[in-house]
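One structure is given here, and the rest of the page talks about it.
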Amino acid sequence: MELRKSYFADVRKDGLNEIGQPRPRLDSPGHVTGKTAYFADRNFPGMLHLKMVRSPHHHARIRSIDTSEAEKHPGVVRVLTAKDVPHNVYTILILIQIGPEDETVLADGKVRWKGEAVVAVLAETERAAQEAAAKVKVDYEVLPAVFDMEEALKPGAPIVNEYHGQNYYLYDSGECRKVRFGDVEAGFAQADHILEQSYQSSPIEHAPTETTGCVVAPEGNDRFTCYTNTQAMFFTLDNASIILQMPGSKLHFVGGTVGGGFGGKVDVIVEPIAILAAKLTGRPVCFIYSREEEMQVSSPRAAEKVVIKDGVMKDGRIVARKVTGYTDAGAYSRHSPYGAQKGAAHYPGPYTIPNVWIDTYCVYTNRTPSSAMRGFGVTIGDFALEVQMDKLARLIGMDPLEFHFINAYRDGDMKAHRQPTEGAALIECMQEASRAANWPVAEKYMAISSYGKGE
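Numbering-wise, the sequence shown is residues 344 to 798 according to the working numbering.
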(Lines of atoms letter the chains of each structure in order from A; the text may use other names.)
(Lines give C-alpha, C1' and ligand atoms only; values in the text may rest on other atoms or scores of the structure.)
Protein backbone atom coordinates (compact mmCIF):
# COMPACT_ATOMS: atom_id res chain seq x y z
CA MET A 344 0.00 0.00 0.00
CA GLU A 345 1.23 3.47 -0.88
CA LEU A 346 0.22 6.69 0.85
CA ARG A 347 0.08 9.65 -1.54
CA LYS A 348 0.74 12.52 0.86
CA SER A 349 1.00 15.08 -1.91
CA TYR A 350 -2.79 15.27 -1.97
CA PHE A 351 -4.56 17.60 0.48
CA ALA A 352 -1.29 18.35 2.27
CA ASP A 353 -2.66 21.74 3.37
CA VAL A 354 -5.66 20.26 5.20
CA ARG A 355 -4.40 16.85 6.34
CA LYS A 356 -3.10 16.30 9.87
CA ASP A 357 -0.02 14.11 10.04
CA GLY A 358 1.58 12.67 13.16
CA LEU A 359 -1.59 11.00 14.44
CA ASN A 360 -1.12 8.11 16.84
CA GLU A 361 -3.71 5.68 15.43
CA ILE A 362 -5.04 6.85 12.04
CA GLY A 363 -2.66 5.78 9.31
CA GLN A 364 -0.70 3.51 11.63
CA PRO A 365 -0.60 -0.31 11.32
CA ARG A 366 -2.19 -2.03 14.31
CA PRO A 367 -2.73 -5.78 14.93
CA ARG A 368 -6.30 -6.96 15.51
CA LEU A 369 -6.80 -7.74 19.17
CA ASP A 370 -8.66 -10.98 18.39
CA SER A 371 -6.07 -12.35 15.93
CA PRO A 372 -4.01 -14.41 18.42
CA GLY A 373 -7.11 -16.30 19.58
CA HIS A 374 -8.21 -17.03 16.03
CA VAL A 375 -4.86 -18.35 14.78
CA THR A 376 -4.23 -20.45 17.92
CA GLY A 377 -7.73 -21.92 18.06
CA LYS A 378 -8.41 -20.43 21.50
CA THR A 379 -11.27 -18.14 20.49
CA ALA A 380 -14.51 -19.16 22.20
CA TYR A 381 -17.68 -19.09 20.11
CA PHE A 382 -21.20 -19.19 21.49
CA ALA A 383 -21.63 -22.89 20.63
CA ASP A 384 -18.61 -23.78 22.76
CA ARG A 385 -20.78 -23.28 25.85
CA ASN A 386 -22.31 -26.45 27.21
CA PHE A 387 -24.39 -26.44 30.38
CA PRO A 388 -25.71 -29.39 32.42
CA GLY A 389 -29.33 -30.16 31.58
CA MET A 390 -29.28 -28.05 28.39
CA LEU A 391 -32.33 -28.42 26.15
CA HIS A 392 -32.32 -28.27 22.36
CA LEU A 393 -34.82 -26.18 20.41
CA LYS A 394 -36.03 -27.06 16.93
CA MET A 395 -38.61 -25.23 14.83
CA VAL A 396 -41.61 -26.47 12.90
CA ARG A 397 -41.56 -24.33 9.78
CA SER A 398 -44.09 -23.58 7.08
CA PRO A 399 -43.81 -25.68 3.90
CA HIS A 400 -45.89 -23.05 2.08
CA HIS A 401 -45.15 -19.55 0.82
CA HIS A 402 -48.58 -18.24 1.82
CA ALA A 403 -51.24 -20.06 3.82
CA ARG A 404 -53.83 -19.68 6.52
CA ILE A 405 -53.30 -21.82 9.62
CA ARG A 406 -56.53 -23.68 10.33
CA SER A 407 -55.26 -25.62 13.33
CA ILE A 408 -52.13 -26.82 15.12
CA ASP A 409 -52.01 -30.21 16.84
CA THR A 410 -48.96 -30.71 19.07
CA SER A 411 -50.30 -33.68 21.07
CA GLU A 412 -48.16 -36.35 19.41
CA ALA A 413 -45.05 -34.19 19.64
CA GLU A 414 -45.63 -33.63 23.35
CA LYS A 415 -45.75 -37.42 23.93
CA HIS A 416 -42.47 -38.03 22.13
CA PRO A 417 -39.69 -39.33 24.43
CA GLY A 418 -37.42 -36.54 25.62
CA VAL A 419 -39.76 -33.66 24.82
CA VAL A 420 -39.99 -31.11 27.65
CA ARG A 421 -42.18 -28.37 26.20
CA VAL A 422 -43.80 -27.13 22.98
CA LEU A 423 -44.28 -23.41 22.30
CA THR A 424 -46.77 -21.67 20.01
CA ALA A 425 -47.70 -18.06 19.33
CA LYS A 426 -49.88 -17.83 22.45
CA ASP A 427 -46.78 -18.40 24.64
CA VAL A 428 -44.93 -15.31 23.32
CA PRO A 429 -45.68 -12.20 25.43
CA HIS A 430 -45.36 -9.70 22.54
CA ASN A 431 -45.55 -11.87 19.46
CA VAL A 432 -45.80 -9.17 16.76
CA TYR A 433 -42.72 -6.98 16.40
CA THR A 434 -40.47 -5.25 13.91
CA ILE A 435 -36.72 -4.81 14.34
CA LEU A 436 -36.55 -1.11 13.45
CA ILE A 437 -39.21 -0.08 15.98
CA LEU A 438 -36.23 0.93 18.11
CA ILE A 439 -35.68 3.87 15.75
CA GLN A 440 -39.40 4.56 15.29
CA ILE A 441 -39.76 2.75 11.98
CA GLY A 442 -43.01 0.77 12.15
CA PRO A 443 -45.51 -0.70 12.05
CA GLU A 444 -44.82 -3.93 13.91
CA ASP A 445 -45.44 -6.48 11.17
CA GLU A 446 -43.67 -9.80 11.94
CA THR A 447 -44.56 -12.66 14.26
CA VAL A 448 -42.04 -14.51 16.42
CA LEU A 449 -44.18 -17.64 15.92
CA ALA A 450 -46.83 -17.60 13.19
CA ASP A 451 -50.30 -16.77 14.40
CA GLY A 452 -53.17 -17.56 12.04
CA LYS A 453 -51.13 -17.22 8.87
CA VAL A 454 -47.74 -17.89 7.27
CA ARG A 455 -46.34 -15.51 4.67
CA TRP A 456 -43.14 -17.22 3.49
CA LYS A 457 -41.74 -20.72 3.12
CA GLY A 458 -39.74 -21.49 6.24
CA GLU A 459 -41.62 -19.22 8.63
CA ALA A 460 -41.45 -20.44 12.25
CA VAL A 461 -44.74 -21.90 13.53
CA VAL A 462 -43.99 -24.10 16.58
CA ALA A 463 -40.90 -24.44 18.80
CA VAL A 464 -40.10 -27.87 20.27
CA LEU A 465 -37.81 -28.30 23.29
CA ALA A 466 -36.26 -31.68 24.05
CA GLU A 467 -33.41 -33.33 25.92
CA THR A 468 -31.50 -34.03 22.71
CA GLU A 469 -31.30 -32.47 19.27
CA ARG A 470 -32.52 -35.71 17.71
CA ALA A 471 -35.56 -35.91 19.98
CA ALA A 472 -36.43 -32.30 19.17
CA GLN A 473 -36.19 -32.99 15.42
CA GLU A 474 -38.27 -36.17 15.65
CA ALA A 475 -40.94 -34.46 17.75
CA ALA A 476 -41.08 -31.45 15.42
CA ALA A 477 -41.90 -33.86 12.59
CA LYS A 478 -44.94 -35.06 14.58
CA VAL A 479 -46.54 -31.60 14.88
CA LYS A 480 -49.60 -31.45 12.63
CA VAL A 481 -50.47 -28.11 11.08
CA ASP A 482 -53.56 -27.83 8.90
CA TYR A 483 -52.98 -25.18 6.22
CA GLU A 484 -55.26 -23.52 3.69
CA VAL A 485 -52.89 -22.60 0.89
CA LEU A 486 -53.35 -19.04 -0.42
CA PRO A 487 -52.22 -17.34 -3.65
CA ALA A 488 -48.66 -16.05 -3.39
CA VAL A 489 -46.75 -13.31 -5.19
CA PHE A 490 -43.00 -13.41 -5.82
CA ASP A 491 -42.36 -10.62 -8.34
CA MET A 492 -42.11 -7.03 -7.09
CA GLU A 493 -43.85 -5.38 -10.01
CA GLU A 494 -46.61 -8.00 -9.89
CA ALA A 495 -46.98 -7.34 -6.15
CA LEU A 496 -47.57 -3.64 -6.83
CA LYS A 497 -50.37 -4.26 -9.35
CA PRO A 498 -54.03 -3.76 -8.31
CA GLY A 499 -55.60 -7.01 -7.21
CA ALA A 500 -52.33 -8.70 -6.21
CA PRO A 501 -52.56 -10.94 -3.11
CA ILE A 502 -51.88 -8.90 0.03
CA VAL A 503 -48.73 -10.30 1.59
CA ASN A 504 -48.75 -8.55 4.96
CA GLU A 505 -52.00 -7.29 6.48
CA TYR A 506 -50.13 -5.21 9.03
CA HIS A 507 -49.30 -2.88 6.14
CA GLY A 508 -52.50 -3.30 4.14
CA GLN A 509 -50.68 -2.91 0.82
CA ASN A 510 -47.63 -4.53 -0.75
CA TYR A 511 -45.27 -1.61 -0.20
CA TYR A 512 -43.81 0.23 2.76
CA LEU A 513 -45.51 3.57 3.30
CA TYR A 514 -42.94 6.33 3.75
CA ASP A 515 -43.78 9.85 4.88
CA SER A 516 -43.32 10.75 1.20
CA GLY A 517 -45.95 8.18 0.15
CA GLU A 518 -45.71 4.80 -1.54
CA CYS A 519 -42.00 5.27 -2.24
CA ARG A 520 -39.04 7.30 -1.04
CA LYS A 521 -38.70 10.27 -3.38
CA VAL A 522 -35.88 12.61 -4.38
CA ARG A 523 -36.65 15.64 -6.58
CA PHE A 524 -33.95 18.03 -7.77
CA GLY A 525 -34.22 20.44 -10.69
CA ASP A 526 -36.54 19.71 -13.63
CA VAL A 527 -35.81 16.25 -14.99
CA GLU A 528 -38.16 16.52 -17.99
CA ALA A 529 -36.52 19.79 -19.05
CA GLY A 530 -33.16 18.04 -18.72
CA PHE A 531 -34.27 15.23 -21.01
CA ALA A 532 -35.58 17.76 -23.53
CA GLN A 533 -32.17 19.44 -23.52
CA ALA A 534 -30.15 16.23 -23.86
CA ASP A 535 -28.47 15.14 -27.10
CA HIS A 536 -28.93 11.46 -26.19
CA ILE A 537 -31.22 9.53 -23.83
CA LEU A 538 -30.43 6.04 -22.53
CA GLU A 539 -32.81 3.96 -20.42
CA GLN A 540 -31.69 0.59 -19.06
CA SER A 541 -32.93 -1.92 -16.45
CA TYR A 542 -30.71 -3.83 -14.02
CA GLN A 543 -31.84 -6.66 -11.77
CA SER A 544 -30.35 -8.85 -9.04
CA SER A 545 -31.43 -12.00 -7.20
CA PRO A 546 -31.30 -12.56 -3.43
CA ILE A 547 -27.80 -13.35 -2.17
CA GLU A 548 -27.21 -15.60 0.87
CA HIS A 549 -24.30 -14.74 3.20
CA ALA A 550 -23.42 -18.44 3.77
CA PRO A 551 -21.36 -17.88 6.96
CA THR A 552 -19.15 -20.71 8.21
CA GLU A 553 -20.92 -20.52 11.59
CA THR A 554 -24.70 -20.73 11.39
CA THR A 555 -27.02 -18.43 13.34
CA GLY A 556 -27.68 -19.41 16.93
CA CYS A 557 -27.46 -18.81 20.66
CA VAL A 558 -27.22 -20.55 24.03
CA VAL A 559 -29.25 -19.21 26.95
CA ALA A 560 -28.62 -19.99 30.62
CA PRO A 561 -30.96 -19.03 33.51
CA GLU A 562 -29.03 -17.19 36.25
CA GLY A 563 -31.77 -17.13 38.90
CA ASN A 564 -33.95 -14.21 40.03
CA ASP A 565 -35.53 -14.13 36.55
CA ARG A 566 -32.21 -13.17 34.96
CA PHE A 567 -30.77 -14.82 31.85
CA THR A 568 -27.42 -14.86 30.09
CA CYS A 569 -27.57 -15.21 26.32
CA TYR A 570 -24.41 -16.29 24.48
CA THR A 571 -25.01 -15.22 20.89
CA ASN A 572 -23.33 -14.59 17.55
CA THR A 573 -25.45 -11.54 16.76
CA GLN A 574 -23.68 -8.68 15.00
CA ALA A 575 -25.95 -6.16 16.75
CA MET A 576 -25.65 -6.83 20.47
CA PHE A 577 -27.65 -3.96 21.95
CA PHE A 578 -30.12 -3.93 19.07
CA THR A 579 -30.85 -7.58 19.80
CA LEU A 580 -31.04 -7.08 23.56
CA ASP A 581 -33.53 -4.22 23.25
CA ASN A 582 -35.76 -6.09 20.80
CA ALA A 583 -35.66 -9.21 22.99
CA SER A 584 -36.73 -7.03 25.92
CA ILE A 585 -39.75 -5.79 23.93
CA ILE A 586 -40.76 -9.25 22.67
CA LEU A 587 -40.42 -10.86 26.11
CA GLN A 588 -41.86 -7.85 27.97
CA MET A 589 -38.87 -8.03 30.31
CA PRO A 590 -36.64 -5.19 31.51
CA GLY A 591 -33.32 -5.19 29.70
CA SER A 592 -31.56 -5.24 33.07
CA LYS A 593 -32.69 -8.87 33.42
CA LEU A 594 -30.89 -9.87 30.20
CA HIS A 595 -27.13 -10.30 29.94
CA PHE A 596 -25.90 -10.72 26.37
CA VAL A 597 -22.41 -12.12 25.71
CA GLY A 598 -21.04 -12.03 22.18
CA GLY A 599 -18.84 -10.06 19.84
CA THR A 600 -17.27 -13.17 18.29
CA VAL A 601 -19.01 -14.00 15.03
CA GLY A 602 -17.99 -16.86 12.76
CA GLY A 603 -18.92 -14.94 9.62
CA GLY A 604 -21.72 -12.41 9.50
CA PHE A 605 -21.53 -9.88 6.64
CA GLY A 606 -24.78 -8.29 7.86
CA GLY A 607 -26.66 -11.58 8.03
CA LYS A 608 -26.67 -11.75 11.83
CA VAL A 609 -28.34 -8.45 12.69
CA ASP A 610 -31.91 -9.79 12.70
CA VAL A 611 -33.46 -10.69 16.06
CA ILE A 612 -34.48 -14.25 15.20
CA VAL A 613 -33.14 -16.84 17.65
CA GLU A 614 -32.51 -15.01 20.93
CA PRO A 615 -36.05 -14.05 22.08
CA ILE A 616 -37.56 -17.52 21.60
CA ALA A 617 -34.54 -19.23 23.22
CA ILE A 618 -34.73 -16.91 26.25
CA LEU A 619 -38.47 -17.53 26.50
CA ALA A 620 -37.86 -21.28 26.38
CA ALA A 621 -35.27 -21.02 29.16
CA LYS A 622 -37.67 -18.91 31.21
CA LEU A 623 -40.58 -21.34 30.84
CA THR A 624 -38.53 -24.48 31.50
CA GLY A 625 -35.99 -23.12 33.98
CA ARG A 626 -33.21 -24.84 32.03
CA PRO A 627 -30.45 -23.79 29.62
CA VAL A 628 -31.50 -23.81 25.97
CA CYS A 629 -29.50 -24.17 22.75
CA PHE A 630 -30.99 -22.98 19.46
CA ILE A 631 -28.71 -23.30 16.42
CA TYR A 632 -29.72 -23.23 12.75
CA SER A 633 -28.87 -26.23 10.62
CA ARG A 634 -27.09 -25.46 7.36
CA GLU A 635 -30.39 -25.99 5.55
CA GLU A 636 -32.09 -23.43 7.81
CA GLU A 637 -29.24 -20.96 7.34
CA MET A 638 -29.68 -21.12 3.58
CA GLN A 639 -33.48 -21.06 3.56
CA VAL A 640 -34.45 -19.07 6.64
CA SER A 641 -31.77 -16.45 7.35
CA SER A 642 -32.23 -13.09 5.65
CA PRO A 643 -30.47 -12.72 2.28
CA ARG A 644 -29.48 -9.53 0.50
CA ALA A 645 -32.68 -8.27 -1.10
CA ALA A 646 -33.46 -8.87 -4.73
CA GLU A 647 -33.47 -5.49 -6.46
CA LYS A 648 -34.50 -3.92 -9.73
CA VAL A 649 -33.10 -0.57 -10.85
CA VAL A 650 -34.35 1.31 -13.91
CA ILE A 651 -32.08 4.21 -14.92
CA LYS A 652 -32.92 6.80 -17.55
CA ASP A 653 -30.17 9.32 -18.36
CA GLY A 654 -29.96 12.37 -20.58
CA VAL A 655 -26.42 13.17 -21.74
CA MET A 656 -24.84 15.88 -23.90
CA LYS A 657 -22.34 15.26 -26.69
CA ASP A 658 -19.63 16.89 -24.55
CA GLY A 659 -20.14 14.25 -21.84
CA ARG A 660 -22.25 16.12 -19.29
CA ILE A 661 -25.15 14.19 -17.77
CA VAL A 662 -28.01 16.69 -17.58
CA ALA A 663 -30.84 14.48 -16.32
CA ARG A 664 -31.15 11.23 -14.38
CA LYS A 665 -34.38 9.40 -13.48
CA VAL A 666 -34.18 6.25 -11.36
CA THR A 667 -36.91 3.88 -10.23
CA GLY A 668 -35.67 1.35 -7.68
CA TYR A 669 -37.43 -1.69 -6.24
CA THR A 670 -36.24 -3.51 -3.10
CA ASP A 671 -37.79 -6.92 -2.37
CA ALA A 672 -38.34 -6.99 1.40
CA GLY A 673 -39.88 -10.44 1.30
CA ALA A 674 -42.78 -10.98 3.69
CA TYR A 675 -41.65 -8.59 6.46
CA SER A 676 -39.87 -5.26 6.80
CA ARG A 677 -36.79 -6.08 8.89
CA HIS A 678 -34.14 -3.64 7.59
CA SER A 679 -35.49 -3.26 4.05
CA PRO A 680 -37.30 0.11 4.42
CA TYR A 681 -33.97 1.55 5.52
CA GLY A 682 -32.13 -0.17 2.67
CA ALA A 683 -34.52 1.25 0.07
CA GLN A 684 -34.13 4.71 1.60
CA LYS A 685 -30.35 4.41 1.37
CA GLY A 686 -30.78 3.59 -2.30
CA ALA A 687 -32.80 6.75 -2.88
CA ALA A 688 -30.01 8.84 -1.40
CA HIS A 689 -27.34 6.97 -3.35
CA TYR A 690 -28.80 6.53 -6.84
CA PRO A 691 -27.58 9.87 -8.24
CA GLY A 692 -24.11 8.43 -7.72
CA PRO A 693 -21.01 10.53 -6.97
CA TYR A 694 -21.82 12.78 -9.90
CA THR A 695 -23.04 16.35 -10.28
CA ILE A 696 -26.30 16.14 -12.21
CA PRO A 697 -28.54 19.24 -12.36
CA ASN A 698 -31.85 17.39 -12.77
CA VAL A 699 -32.68 14.26 -10.76
CA TRP A 700 -35.86 12.27 -10.12
CA ILE A 701 -35.76 9.18 -7.90
CA ASP A 702 -38.50 6.83 -6.67
CA THR A 703 -37.53 3.80 -4.57
CA TYR A 704 -40.09 1.22 -3.47
CA CYS A 705 -39.78 -1.24 -0.60
CA VAL A 706 -42.01 -4.08 -1.80
CA TYR A 707 -43.51 -7.03 0.11
CA THR A 708 -43.60 -10.46 -1.55
CA ASN A 709 -44.00 -14.03 -0.26
CA ARG A 710 -40.25 -14.61 -0.35
CA THR A 711 -37.84 -15.04 2.55
CA PRO A 712 -37.55 -11.70 4.39
CA SER A 713 -34.43 -9.86 3.27
CA SER A 714 -32.22 -7.67 5.38
CA ALA A 715 -28.68 -6.37 5.72
CA MET A 716 -25.69 -7.48 3.71
CA ARG A 717 -22.54 -5.42 3.19
CA GLY A 718 -23.69 -2.05 1.87
CA PHE A 719 -27.30 -3.19 1.40
CA GLY A 720 -29.39 -0.66 -0.49
CA VAL A 721 -26.22 0.67 -2.16
CA THR A 722 -24.16 -2.21 -3.57
CA ILE A 723 -26.56 -3.33 -6.31
CA GLY A 724 -27.25 0.32 -7.10
CA ASP A 725 -23.51 0.93 -7.55
CA PHE A 726 -23.31 -1.98 -9.98
CA ALA A 727 -26.21 -0.57 -11.99
CA LEU A 728 -24.92 3.02 -11.96
CA GLU A 729 -21.39 2.15 -13.04
CA VAL A 730 -22.52 -0.15 -15.85
CA GLN A 731 -24.81 2.68 -16.96
CA MET A 732 -21.91 5.16 -16.89
CA ASP A 733 -19.82 2.94 -19.16
CA LYS A 734 -22.76 2.55 -21.55
CA LEU A 735 -23.24 6.33 -21.67
CA ALA A 736 -19.57 6.86 -22.44
CA ARG A 737 -19.72 4.36 -25.30
CA LEU A 738 -22.93 5.96 -26.57
CA ILE A 739 -21.19 9.30 -27.14
CA GLY A 740 -17.83 7.78 -28.14
CA MET A 741 -15.91 8.99 -25.09
CA ASP A 742 -13.29 7.28 -22.94
CA PRO A 743 -15.15 5.95 -19.84
CA LEU A 744 -12.64 7.32 -17.33
CA GLU A 745 -12.65 10.77 -18.92
CA PHE A 746 -16.45 10.63 -18.89
CA HIS A 747 -16.28 10.03 -15.13
CA PHE A 748 -13.92 12.99 -14.66
CA ILE A 749 -16.39 15.29 -16.42
CA ASN A 750 -19.29 14.31 -14.17
CA ALA A 751 -17.55 13.61 -10.85
CA TYR A 752 -18.72 15.82 -8.02
CA ARG A 753 -16.28 18.15 -6.32
CA ASP A 754 -16.29 20.08 -3.09
CA GLY A 755 -19.08 22.65 -3.07
CA ASP A 756 -21.26 20.89 -5.65
CA MET A 757 -24.87 20.47 -4.52
CA LYS A 758 -26.03 16.87 -4.32
CA ALA A 759 -29.53 15.86 -5.38
CA HIS A 760 -30.66 15.57 -1.76
CA ARG A 761 -29.51 19.14 -1.19
CA GLN A 762 -26.36 18.53 0.78
CA PRO A 763 -23.19 20.28 -0.41
CA THR A 764 -20.28 18.01 -1.28
CA GLU A 765 -17.42 18.08 1.21
CA GLY A 766 -14.15 16.16 1.20
CA ALA A 767 -14.95 14.37 -2.04
CA ALA A 768 -11.45 13.31 -3.19
CA LEU A 769 -13.07 11.42 -6.09
CA ILE A 770 -11.01 13.26 -8.72
CA GLU A 771 -7.78 12.34 -6.95
CA CYS A 772 -8.81 8.70 -6.57
CA MET A 773 -9.47 8.46 -10.30
CA GLN A 774 -6.14 10.15 -11.07
CA GLU A 775 -4.31 7.54 -9.02
CA ALA A 776 -6.39 4.75 -10.58
CA SER A 777 -5.40 6.03 -14.01
CA ARG A 778 -1.73 5.83 -13.08
CA ALA A 779 -1.97 2.45 -11.36
CA ALA A 780 -3.89 0.88 -14.24
CA ASN A 781 -1.74 2.56 -16.88
CA TRP A 782 -4.94 3.98 -18.35
CA PRO A 783 -3.96 7.24 -20.02
CA VAL A 784 -6.37 10.20 -19.96
CA ALA A 785 -6.01 13.73 -21.27
CA GLU A 786 -3.61 15.84 -19.21
CA LYS A 787 -6.34 18.36 -18.37
CA TYR A 788 -8.07 15.71 -16.27
CA MET A 789 -4.87 14.98 -14.37
CA ALA A 790 -4.56 18.68 -13.51
CA ILE A 791 -8.00 19.23 -11.95
CA SER A 792 -8.82 18.95 -8.25
CA SER A 793 -11.75 18.06 -6.01
CA TYR A 794 -11.44 21.48 -4.44
CA GLY A 795 -13.61 23.07 -7.10
CA LYS A 796 -14.30 23.71 -10.76
CA GLY A 797 -11.20 25.76 -11.37
CA GLU A 798 -8.92 24.04 -13.85
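Glycine residues also receive a C-beta, built at the ideal position from the N, C-alpha and C atoms.
Counting only runs of 3+ residues, the beta strand (DSSP E) found wholly inside the segment 636-686 occupies 647-655, 661-673, in chain order. For Ser371, the secondary structure class from DSSP, reduced to helix, strand or coil, is helix. DSSP lists no bridge partner for Leu449. Every alpha helix (DSSP H) of 4 residues or more that sits fully in the segment 716-783 is shown, in chain order, as 722-738, 743-750, 769-779. In the structure shown, Lys426 falls within a helical segment according to DSSP collapsed to helix, strand and coil. In the DSSP assignment, Phe577 falls within the unbroken alpha helix (DSSP H) covering 576-587.
Counting C-beta pairs with one atom in each stretch, the segment 670-681 and the segment 426-443 have three or more that are closer than 8 angstroms, which means they touch. The three-state secondary structure of Thr708, taken from DSSP, is coil. Its chain contains Thr573, Val611, Glu614 as the residues whose beta carbon lies nearer than 6 angstroms to that of Thr579, once the 5 sequence neighbours on both sides are disregarded; these appear in chain order. Per DSSP, reduced to three states, the secondary structure at Ser714 is strand. Between the segment 628-637 and the segment 692-705, the count of Cβ pairs shorter than 8 angstroms is below three; the stretches do not touch. For His595, the CB contacts under 8 angstroms within the same chain, skipping 5 residues up- and downstream, are Glu562, Arg566, Phe567, Thr568, Cys569 in chain order. Within 10 angstroms of the beta-carbon of Leu369 lie fewer than 16 other beta-carbons, which makes it exposed. Look at the beta carbons and you see the segment 646-653 not touching the segment 409-416: under three pairs across the two are nearer than 8 angstroms. By the C-beta density criterion, Thr552 is exposed, having fewer than 16 other C-beta atoms within 10 angstroms.
Burial is judged here by how many other beta carbons sit within 10 angstroms of a residue's own beta carbon; Ile770 has at least 16 and is buried. According to DSSP, residue pairing for Glu484 in a beta bridge involves Arg404. Taking C-beta atoms as the reference points, Met395 and Ala477 fail to come closer than 8 angstroms.
Per the Cβ contact rule, the segment 654-672 is in contact with the segment 705-716 (3 or more Cβ pairs under 8 angstroms). A direct Cα-Cα distance of roughly 23 angstroms separates Ala495 from Glu539.
DSSP, read as helix, strand or coil, puts Gly591 in helix.
Counting C-beta atoms within 10 angstroms of its own C-beta, Asn504 has 16 or more neighbours from the protein chains shown and is therefore classed as buried. The shortest CA-to-CA distance from Ala785 to any of Leu744, Ala779, Arg753 is the one to Leu744. The C-beta separation of Ala751 from Pro680 comes to about 30 angstroms, leaving the pair out of contact by the 8 angstroms criterion. With 16 or more other Cβ atoms from the protein chains shown falling within 10 Å of its own Cβ, Leu735 counts as buried. Straight through space, the alpha carbons of Val461 and Ala472 are spaced by roughly 14 angstroms. For Tyr570, the enclosing beta strand (DSSP E) covers residues 566-571. Taken in chain order, the complete beta strand (DSSP E) segments of 3 or more residues contained in the segment 478-549 are 480-485, 520-524, 536-544.
Exclusion of the five residues before and after Asp756 leaves Thr695, Thr764 as the residues of its chain whose Cβ lies within less than 6 angstroms of its Cβ.
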